[in-house]
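See structure below.
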Amino acid sequence: MFIDASAIVAILKPEADADELLDRLEKSDGPFFVSPLVRYEATVSLARARTQQAKKSTAPTPEMLEIAREAVDLFVQDLEAREIAISSDIGERALDAATIYGKAIGHPAALNFGDCFAYACAKAYRLKLLYKGDDFAKTDLALV
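Dropping the structure here:
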């Protein structure tokens with residue numbers, strides 16, 4: 130199962146659907162995968178969310194980014210998730226996803242940059258995709 134940044138943030142923040150996402154992870158039983166882009170996006174998003182929760186400045190501090198990074202790294206480590214490298218093939222598949230499901234072309238899925246790469250990783254390795262929201266549900270990848 131490939132884990133999108135949206136799912137990681139929802140679990141670590143935690144958001145209202147964190148338990149549902151954790152339940153789907155447990156039922157999947159692995160193996161689990163992420164990419165460097167997922168780790169980056171989850172780290173930055175989590176730091177921003179925690180900054181807003183703490184009602185601090187509008188931008189996270191380097192310390193808040195480091196705390197978020199440690200949380201994401203620990204989550205990935207606890208799952209024993211393997212990292213998928215972003216290869217030329219993945220890049221091509223991400224462009225294909227943008228061409229079909231991208232926000233730029235006005236598709237209802239409205240996949241953004243990170244979404245297109247998560248989609249590409251899941252497709253390239255024929256993995257189920259764990260995500261939050263309904264964007265991927267409007268593609269040929271269905272909820273787990």
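Take 130 as the starting number for the sequence shown in our numbering and just add one per residue. Using N, Cα and C, we set each Cβ at its ideal position, and we do this for glycine too.
May I have the straight-line CA-CA distance separating Ile-196 from Ala-176, to the nearest angstrom?
Distance between the alpha carbons of Ile-196 and Ala-176 is about 8 Å.
Between Met-130 and chain C, is any beta-carbon pair separated by less than 7 Å?
In summary, chain C is missing from the structure at hand, where a single protein chain is found.
Do you know how far the Cα of His-236 is from the Cα of Ile-229?
Ile-229 and His-236 have their alpha carbons spaced roughly 7 Å apart.
For Ala-171, which option in Thr-187, Ile-137 and Thr-190 has the closest C-alpha, if you only look at C-alpha atoms?
Ile-137
Determine, using beta-carbon pairs with one atom in the region 220–228 and one in the region 239–255, whether at least three such pairs fall under 8 Å.
yes
Contact check, Leu-259 vs Asp-133 under 8 Å by CB: the rounded distance?
Taking C-beta atoms under 8 Å as the contact rule, Leu-259 and Asp-133 qualify, at a distance of about 6 Å.
Looking only at its own chain, which residues have a Cβ that is under 8 Å from the Cβ of Ala-139, when we skip the five neighbours before and after it?
Asp-146, Ala-147, Leu-150 and Lys-261
I need the straight-line Cα distance from Lys-267 to Ala-233, nearest angstrom please.
15 Å
By a C-beta neighbour count over all protein chains shown, 10 Å radius and 16 as the cutoff for buried, is Leu-203 buried or exposed?
exposed
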